[in-house]
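Peer 1:
In our numbering, the protein residues as written are 57 to 204.
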């Protein structure tokens, strides 16, 4: 029984990974997918930014709704940065420095989850602080891994 378990876990993990490897028929599909996900992120994140900067009135319900969308969207693009998907605005460093790239992606996911909580706090100052922290993570990744 123990021998079966030794093989079952790696085989199960490999089977679960197959859909992510096969989800893009062409490398251009992966590029379009990640660019689309990031475009949507920027639209919803920008709505929160407008409130944080005073360009739009603070509305906790709208901030929460947009933060929840951002928190889901930030989880999407990473599967589209697999081997063979180079291109778009992504620098070669994405594939050369994958550990750092993944760290920043994980940090963005954590920051986006905190953004939801800050929006739900119904406190504009709390929202501003977390918006700025999340924006800094975005900027750090773009500075290191995105071509202009």
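Built from N, CA and C at the ideal position, the CB exists for glycine as well.
1) Quick one: grab the DSSP three-state call for residue 146.
2) For chain B, is any of its Cβ atoms less than 8 Å away from the one on residue 138?
3) List the DSSP bridge partners of residue 202.
4) Return the Cβ separation of residue 146 and residue 111 in integer angstroms, given the expectation that the two are a contact with Cβ distance under 8 Å.
5) Just the Cα atoms here: how many angstroms apart are residue 140 and residue 86?
6) Thinking C-beta only, is residue 130 closer than 8 Å to residue 79?
7) I'd like the list of long-range same chain contacts for residue 184, defined as Cβ closer than 7 Å, with 5 residues on each side in sequence excluded.
Peer 2: The answer reads as follows:
1) strand
2) Among the chains in the structure shown there is no chain B, since it carries only a single protein chain.
3) 146
4) Contact doesn't hold; Cβ gap of about 30 Å is too wide.
5) 9 Å
6) no
7) 108
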